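A.B. asks:
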DNA sequence: TTGTAGGCGTTATCAC
DNA sequence: GTGATAACGCCTACAA
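Protein chains in written order, with the working numbering: chain A, 69 to 400; chain B, 69 to 400.
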């Protein structure tokens with residue numbers, strides 16, 4: 069593999085000068101610089117990041133820990149973070165943890181050996197002790213989507229509780245009283261908080277959900293089954309803690325011969341692209357996914373460089389997107 | 069940052085012995101080994117991959133180049149590859165290129181400086197010269213989803229042409245004669261091949277598509293617009309070159325008051341999770357996305373290690389998944 | 001303006 | 001069994 073030495077030989081000079089042109093540091097005569105640059109171009113030479121890191125340079129590596137990227141919400145999030153980070157000069161390890169603390173721990177060990185400069189994580193709920201080694205080494209951690217207890221240096225987490233309230237309130241405002249709730253994965257902190265928020269809002273009206281159905285995985289098929297269970301309790305409206313859950317519910321209702329929103333109102337959460345492209349179009353609470361990813365990248369960058377000039381963006385707000393799956397209940 | 073030296077001091081021994089326990093090489097007495105292991109555990113020490121690479125070890129790094137991961141097809145693909153690769157001992161840089169050769173080139177330069185051991189790529193169509201430096205260094209490249217002309221060491225690319233034929237044939241078998249085609253992104257090799265295949269199948273029946281609508285981006289909204297254009301030509305059936313395209317078309321048809329499949333048949337391609345969860349459920353050609361990802365990972369591993377014992381899996385077949393969006397046309 | 005040399009963390013080679 | 005040590009590729013004093 070070509071090294072700085074190869075280039076030096078090619079350009080008939082010393083490694084120091086090559087390093088100087090590579091880094092635009094110190095003095096190099098125009099003539100020498102030209103020779104060196106041509107040698108670099110010829111060889112397609114790229115200096116070894118490893119040697120640079122070893123020498124004491126920053127790694128410009130960051131770890132991104134997400135439950136998955138085969139679910140669109142996280143795919144969008146991952147891509148937006150990776151792009152923003154790349155533009156800031158970092159390269160990312162995007163890791164899918166399947167909500168498993170064991171997997172997270174494995175990836176954390178990898179981050180350590182790769183000397184990542186920072187981590188962005190949407191961690192599984194069950195304990196976060198495996199983040200301790202990162203903290204011990206002063207490696208900044210930005211929590212995204214879910215809090216990380218004492219381990220995060222910064223948190224980009226929307227107000228899931230409020231989100232839950234908004235869903236419930238919308239249905240309440242429409243006049244619904246028999247409301248069911250479903251969602252997954254049940255161990256996810258965001259799901260739990262939305263659930264808590266929704267229940268709280270119902271509670272304020274002296275109501276309780278007629279059924280709460282929680283599942284393990286983030287997929288349509290399971291949501292469909294949960295919805296079948298929920299619908300057995302004859303709600304007039306249904307809260308999907310995610311759009312996936314809500315869309316699964318639309319299908320379950322359809323197969324039961326229910327008309328939406330006439331017989332059943334459904335509201336979701338996230339506003340993933342599919343939400344606007346199901347029939348009927350899904351009413352949902354939108355979170356600005358890409359925007360959150362960009363903010364997380366910026367914050368991590370700020371933490372890594374300790375550069376106070378990077379601005380602290382406020383978290384964008386949640387918005388109710390009213391589409392075609394919610395309406396007042398039929399008067400009894 | 070703790071190093072092997074720190075551990076040696078802690079365990080009152082030399083770096084050589086620490087290295088020996090780290091790598092299970094050479095002789096270490098049980099007593100010494102215990103001391104060293106405890107020092108390692110105490111410190112949460114992880115040896116620097118950079119130093120290992122520098123020393124001449126393999127980097128165990130691989131680059132994954134995909135147009136995006138915010139589109140579910142690629143998100144699933146990326147995750148399956150990353151997982152399989154991680155289990156094989158590799159860490160991946162998952163990079164979203166937005167179908168841009170310039171972006172690809174930037175990532176390739178990064179791969180070079182990071183000394184990746186291999187690359188998996190679904191490249192944009194426009195030329196692949198920027199892969200030359202990888203080839204020059206003998207870094208294996210596995211093409212996935214799309215061929216890479218002369219640059220790939222191996223190719224995991226389904227027969228898109230056949231896929232196109234299968235879509236057309238299904239509609240032809242049903243009795244359709246006025247068939248429109250839509251899809252995106254139009255510069256994608258896979259899209260072009262499916263289109264070619266579909267046209268060829270129509271041609272064998274002496275037919276031509278009544279309309280071909282191609283777009284730039286992989287999203288529902290654009291597909292919706294394309295479908296509006298296509299439907300102006302009054303086809304009885306419509307081929308979506310991707311499920312995204314087909315789902316956009318379902319909505320366009322719905323908004324035009326068309327009943328599916330009575331007034332219009334629609335077939336898609338890929339069988340992404342949403343395909344089974346739109347109404348009506350989408351008939352489509354399934355490609356086993358995860359499986360393809362696993363195969364790509366295996367093949368790359370084989371190329372990196374040149375270990376002939378890794379089996380060559382055959383590419384899995386395409387299957388028609390008949391759901392509810394296709395039916396015979398209404399007799400005129 | 002250019003060149004020489006040391007050291008970053010690791011492993012392999014060689015002595016002891 | 002164990003411990004020095006050279007070398008990997010790079011950057012940065014420092015010397016010339």
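Glycine included, each C-beta is placed from N, C-alpha and C at the ideal position. Please read all numbers here as calculations on a predicted model, not as lab measurements.
1) Can you tell which of A:146, A:389, A:172 has the C-alpha that lies nearest to the C-alpha of residue 164 of chain B?
2) To which residues of the same chain is residue 361 of chain A closer than 7 Å at the C-beta, ignoring the five residues directly before and after it?
3) Reducing DSSP to helix, strand and coil, say where residue 389 of chain B ends up.
4) Going by the beta-carbon positions, is the gap between residue 333 of chain A and residue 239 of chain A smaller than 9 Å?
5) Taking the straight line between their C-alpha atoms, what separation do you get for residue 264 of chain B and residue 181 of chain A?
6) Residue 178 of chain B versus chain A: which residues are under 9 Å apart at the beta carbon?
7) With a threshold of 16 other CB atoms inside 10 Å of the CB of residue 393 of chain B, please say whether the residue is buried or exposed.
8) Given a limit of 8 Å on CB to CB distance, which residues of the stretch 202-214 of chain A reach chain B?
9) Note down, one range per segment and in chain order, each alpha helix (DSSP H) of at least 4 residues found wholly within the stretch 267-354 of chain A.
10) What is the C-beta distance between residue 330 of chain B and residue 398 of chain B, in whole angstroms, given that I count them as a contact (C-beta under 8 Å)?
11) Below 8 Å on C-beta distance, what does residue 346 of chain A contact in chain B?
12) Taking 9 Å as the cut-off, decide whether the C-beta atoms of residue 248 of chain A and residue 305 of chain A are in contact.
13) Ordered along the chain, which non-local residues of its own chain (more than five positions away) have a Cβ less than 7 Å from that of residue 221 of chain A?
14) Does the separation of the CB atoms of residue 281 of chain B and residue 251 of chain B fall below 9 Å?
15) Using 9 Å as the threshold, is the C-beta distance between residue 160 of chain B and residue 131 of chain B below it?
16) Between which two residues does the beta strand (DSSP E) holding residue 161 of chain B run?
17) Once DSSP output is grouped into helix, strand and coil, what is the label at residue 186 of chain A?
18) For residue 69 of chain A, go through chain B and note every residue whose CB falls closer than 8 Å to its CB, in chain order.
19) Helix, strand or coil: how does DSSP classify residue 119 of chain B here?
20) In chain A, which residues lie less than 7 Å from residue 335 of chain B when you measure between Cβ atoms?
21) In terms of DSSP beta bridges, what is residue 180 of chain A paired with?
22) Any C-beta of chain A within less than 9 Å: which residues of the stretch 134-147 of chain B qualify?
23) Interface residues of chain A around residue 256 of chain B at Cβ under 7 Å?
24) Residue 369 of chain B versus chain A: which residues are under 9 Å apart at the beta carbon?
25) Please state whether DSSP places residue 206 of chain A in a helix, a strand or coil.
26) When Cβ atoms are compared, which residues of the stretch 279-293 of chain B fall closer than 7 Å to chain A?
27) What does residue 151 of chain B reach in chain A if we use C-beta pairs closer than 8 Å?
28) Can you tell me whether DSSP reads residue 132 of chain A as helix, strand or coil?
29) For residue 248 of chain B, which residues does DSSP report across the bridge?
30) Considering only DSSP beta bridges, list what residue 223 of chain B is partnered with.
31) Who are the neighbours of residue 319 of chain B on chain A, taking C-beta pairs under 8 Å?
32) Is residue 386 of chain A close to chain B, meaning its C-beta is less than 9 Å from at least one C-beta of that chain?
33) For residue 286 of chain B, tell me which candidate among B:273, B:275, B:308, B:387 has the shortest Cα-Cα distance.
34) Output, in chain order, the set of chain B residues within a Cβ distance shorter than 8 Å of residue 322 of chain A.
35) Going by C-alpha distance, which of A:318, A:365, A:254 is nearest residue 44 of chain B?
36) Can you list, in chain order, the residues of its chain with a C-beta nearer than 6 Å to that of residue 255 of chain A? Leave out the 5 residues immediately preceding and following it.
C.D. replies: Here's the rundown:
1) A:146
2) 145, 148, 149, 152
3) strand
4) yes
5) 48 Å
6) 114, 117, 154, 159
7) buried
8) 204, 205
9) 288-299, 311-323
10) 7 Å
11) 345, 346, 347
12) yes
13) 208, 209, 210, 371
14) yes
15) yes
16) 159-164
17) strand
18) 183, 205
19) helix
20) Going along chain A, no residue has its Cβ under 7 Å from residue 335 of chain B, so there is no contact; the nearest lies around 17 Å.
21) BP columns for residue 180 of chain A are empty, so no partner.
22) 136, 137, 138, 139, 140, 142, 143, 144, 145, 146, 147
23) The premise fails here: residue 256 of chain B is roughly 17 Å from chain A at the closest Cβ pair, so nothing lies under 7 Å.
24) Ordered by position in chain A, no residue passes the 9 Å Cβ test against residue 369 of chain B, which lies about 17 Å from the chain.
25) coil
26) 287, 288
27) 164
28) strand
29) B:279, B:306
30) B:211
31) 345, 347
32) no
33) B:308
34) 347
35) Lying outside 69 to 400, the shown extent of chain B, residue 44 of chain B is not represented and no answer is given.
36) 193
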